[in-house]
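Protein chains: 2
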Amino acid sequence: MVYRRTQQVMRRLAARRRAILAAARETAAEQGMAAVQIAPVAARAEIAAGTVYRYFPSKAELISELISDISREQLDHVRQAADAAPGPLSALAAAVTTIAIDALSHRKLAWGILAEPIDVDVVTARLDCRKAIVAEIESRIAAAARAGHLPPQDAGITAAALIGALHEALVGPLAPDNLDDPAKLREAVQTLALMALRGVGVMDARARGLVVQAVPPIVPELTPQPMAAPVSA
Amino acid sequence: MVYRRTQQVMRRLAARRRAILAAARETAAEQGMAAVQIAPVAARAEIAAGTVYRYFPSKAELISELISDISREQLDHVRQAADAAPGPLSALAAAVTTIAIDALSHRKLAWGILAEPIDVDVVTARLDCRKAIVAEIESRIAAAARAGHLPPQDAGITAAALIGALHEALVGPLAPDNLDDPAKLREAVQTLALMALRGVGVMDARARGLVVQAVPPIVPELTPQPMAAPVSA
DNA sequence: ATCGTCCCTGAATTGTTGTTCATTTCTTAA
DNA sequence: TTAAGAAATGAACAACAATTCAGGGACGAT
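Below you can see the structure in the form of structure tokens.
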């Protein structure tokens with residue numbers, strides 16, 4: 012054989028793969044999941060449409076991997092915030108506010124990943140994504156309940172409900188229209204976090220304290236990317 | 012002119028229109044919104060595909076009308092249940108449990124109307140549907156707050172969150188898998204209703220009482236159609 | 001009965017996207 | 001420099017579903 016993949020080529024191939032995923036992510040963030048089509052993504056990555064198929068077997072695989080990536084990043088973020096909290100209840104509060112702020116920071120992306128009309132072949136990826144975040148919340152609720160900070164409950168159901176509440180109120184089509192204003196935004200996050208904690212059984216006064224503690228005083232890095240940075244080739 | 016639409020013809024036309032909507036509804040209930048395509052619906056209504064276009068200008072219009080119909084019925088149902096309650100808080104509890112039970116009674120339909128991947132031209136109808144139900148809950152929350160039964164709050168946000176919680180936990184892809192068992196089902200509804208009431212600020216003990224009162228002791232007519240009966244031609 | 005009008009039919013058309021593949025362009029080792 | 005193999009290209013293809021329309025049938029008035 013007179014040809015072998017050299018290191019440089021492999022690097023270039025890997026970079027191109029990342030570029031495709033990045034192009035897909037940018038497209039989704041700007042125009043929604045429906046706009047993530049092979050031709051536009053390829054154009055954005057500055058390659059031909061056919062080339063995409065040298066890196067991903069199908070569009071569904073591409074989108075699935077995109078969703079998995081974003082989901083993993085979000086989960087890491089939530090875990091990190093929760094683990095840094097002093098106790099189980101604070102951890103739950105931190106997890107809730109982190110989910111809320113992440114969702115608000117990338118509303119279109121979050122909407123695309125969670126709920127936007129999408130190809131049937133990616134439902135699995137989306138489902139895994141939801142399952143993962145619900146499982147995280149569920150374990151936090153269960154931990155707090157074990158510690159005696161919450162009444163006993165079916166954490167699987169309440170965790171799912173909690174996630175649904177956050178998403179519906181923040182990224183759904185009926186979310187308030189004034190998320191640009193940081194003050195309003197902060198208020199919304201607080202309202203929802205308070206509601207979530209009350210919902211799982213935290214007494215009102217204590218919930219208020221936890222929320223005040225958990226929501227960052229300002230939300231500075233909203234315009235940047237708390238959830239994940241699109242990587243450019 | 013040698014032809015005029017007689018009464019009988021107009022009745023037949025109207026019946027056929029209803030048959031198309033009914034066929035669409037049945038299809039959606041059985042196989043999801045994605046399966047609501049012109050050809051299958053027409054076949055079910057026992058007419059040719061082209062005939063559908065004599066009654067509806069487009070598939071989007073057909074589905075929009077279907078969603079509006081179902082939404083209106085659901086809203087009526089919820090209003091009725093809430094209005095029959097003795098007070099504002101009971102009304103809220105009744106509204107919540109009614110929504111939950113309706114959703115469970117027609118999970119596939121509810122999922123299709125609320126969240127399933129769907130054509131972009133029907134987002135308006137779906138949005139109106141959500142807005143309507145959220146507005147209803149919002150007004151109930153506001154009424155209860157005005158009466159001093161709930162702490163002051165941004166009812167718009169909490170209402171949206173509440174709806175999201177119910178839907179995510181009951182009709183979403185992560186809903187528990189044992190909805191066949193009426194006991195489990197009842198338990199799930201109670202759990203969620205309790206959580207919802209706590210979330211908007213009802214004290215735990217009182218919330219429990221309201222929930223027990225609001226959830227019908229049995230859920231007998233689940234297999235029939237609490238939400239709306241598909242009309243056959 | 002029959003004519004004018006409307007209604008129904010369903011095969012063909014249209015439009016949109018994901019996917020393929022023959023060809024071209026690059027890359028490597030001899 | 002060159003030949004073998006890999007990667008990239010992008011126009012053509014395929015699949016699917018909404019929509020159209022020319023022709024046939026049904027209906028109402030005369």
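Order-wise, the sequence lines are chains A and B.
Sequential numbering from 12 applies to the first sequence in this note's numbering.
Sequential numbering from 12 applies to the second sequence in this note's numbering.
Beta carbons are placed, not taken as given, at the ideal position from N, Cα and C, and that holds for glycine.
Values in this document were obtained by computation on a predicted structure and should not be read as measured data.
Own chain, CB closer than 6 Å to residue i, minus 5 neighbours either side, in chain order
i        : result
B/ALA66  : The amino acid occupying residue 66 of chain B in the given sequence is Tyr; Ala does not appear at that position. Answer for B/TYR66: ARG28, ILE31, listed in chain order.
A/LEU103 : ARG151, ALA155
A/GLY167 : GLU149
B/VAL223 : none
A/ARG118 : VAL182
A/VAL145 : ALA170, ALA171, ILE174
B/ALA218 : LEU205, LEU208, ARG209
A/ALA121 : ALA114, VAL182
A/SER75  : VAL133, ALA136
Beta-carbon neighbours of residue i, restricted to chain A and to distances below 7 Å
i        : result
B/VAL145 : LEU185
B/ALA111 : Those within 7 Å of B/ALA111 in chain A number zero; the least Cβ separation is about 10 Å.
B/ALA114 : Simply none; closest approach about 12 Å.
B/LYS195 : The premise fails here: B/LYS195 is roughly 10 Å from chain A at the closest Cβ pair, so nothing lies under 7 Å.
Exposed unless 16 or more other CB atoms sit within 10 angstroms - verdict on residue i
i        : result
A/ALA40  : buried
A/GLN85  : buried
B/LEU205 : buried
B/PRO128 : buried
A/MET238 : Below a pLDDT of 50, predicted positions are generally treated as unreliable, and A/MET238, at 43, falls in that range; the measurement from the model is reported next regardless. With 16 or more other Cβ atoms within 10 Å, it is buried.
A/THR202 : buried
A/ALA171 : buried
B/GLU147 : buried
A/MET44  : buried
B/THR108 : buried
A/ASP165 : buried
B/PRO162 : exposed
B/THR216 : Note on residue identity: the sequence assigns Ala, not Thr, to residue 216 of chain B. Flag for B/ALA216 reads exposed.
A/GLY175 : buried
B/THR38  : buried
A/SER69  : exposed
A/ALA158 : exposed
B/VAL20  : exposed
A/ALA105 : buried
B/ALA186 : buried
Beta-carbon neighbours of residue i, restricted to chain B and to distances below 9 Å
i        : result
A/GLN164 : THR202, LEU205, MET206
A/ASP215 : PRO162, GLY212, MET214
A/LEU138 : PRO184, LEU185
A/ALA199 : ASP165, ILE168
Under 8 Å by beta carbon: chain A residues contacting residue i
i        : result
B/GLY210 : ALA176, MET206, ALA207, ARG209, GLY210
B/ILE78  : Per Cβ cutoff of 8 Å: no residues; B/ILE78 is ~14 Å from chain A at best.
B/LYS142 : LEU185
B/VAL131 : ALA45, PRO128
Sequence-distant residues of the same chain with beta carbon closer than 7 Å to residue i, five excluded per side
i        : result
A/ALA53  : ALA59, ALA60, THR62, VAL63
B/TYR14  : none
A/ALA111 : LEU177, LEU181, VAL200, LEU203, ALA204
A/SER243 : Unreliable positioning characterises A/SER243 in this predicted model, as indicated by a pLDDT of 36, which lies under 50. A coordinate reading is not provided.
A/LEU24  : none
A/ASP191 : none
B/ALA143 : SER82, LEU86
B/PRO51  : THR38
Any non-hydrogen atom of the ligand FAD within 7 Å of residue i CB
i       : result
A/ILE81 : Looking at this structure, you won't find the ligand FAD or any other ligand, since it has none at all.
Sequence-distant residues of its chain with Cβ nearer than 8 Å to residue i (five each side left out)
i        : result
A/ALA126 : HIS178, VAL182, GLY183
A/ARG137 : ILE78, ILE124, LEU125, ILE129
Helix, strand or coil at residue i [DSSP, three-state]
i        : result
B/ALA60  : helix
A/GLU127 : coil
A/VAL200 : helix
B/MET274 : This structure cannot settle anything about residue 274 of chain B, because the visible part of chain B is limited to 12 through 244.
A/SER75  : helix
B/SER101 : helix
A/THR38  : helix
A/ARG55  : helix
B/VAL47  : coil
B/GLY175 : helix
A/VAL20  : helix
B/SER69  : coil
A/ASP94  : helix
B/ARG15  : coil
Proximal residues of chain B, C-beta to C-beta of residue i below 8 Å
i        : result
A/GLY167 : PRO187
A/ALA25  : Within 8 Å Cβ-Cβ: nothing; A/ALA25 doesn't reach chain B, min ~32 Å.
Partner residues on chain A for residue i, Cβ-Cβ distance less than 9 Å
i       : result
B/PRO99 : In chain order: nothing, as chain A lies at least about 18 Å away.
Chain B contact residues for residue i, given Cβ-Cβ distances below 7 Å
i        : result
A/VAL47  : Those within 7 Å of A/VAL47 in chain B number zero; the least Cβ separation is about 13 Å.
A/ALA40  : In chain order: nothing, as chain B lies at least about 18 Å away.
A/ALA180 : ILE168, ALA171, ALA172, GLY175
Entirely within the segment 132-173 of chain A and at least 4 residues each: give me those alpha helix (DSSP H) ranges in chain order.
-> 134-157
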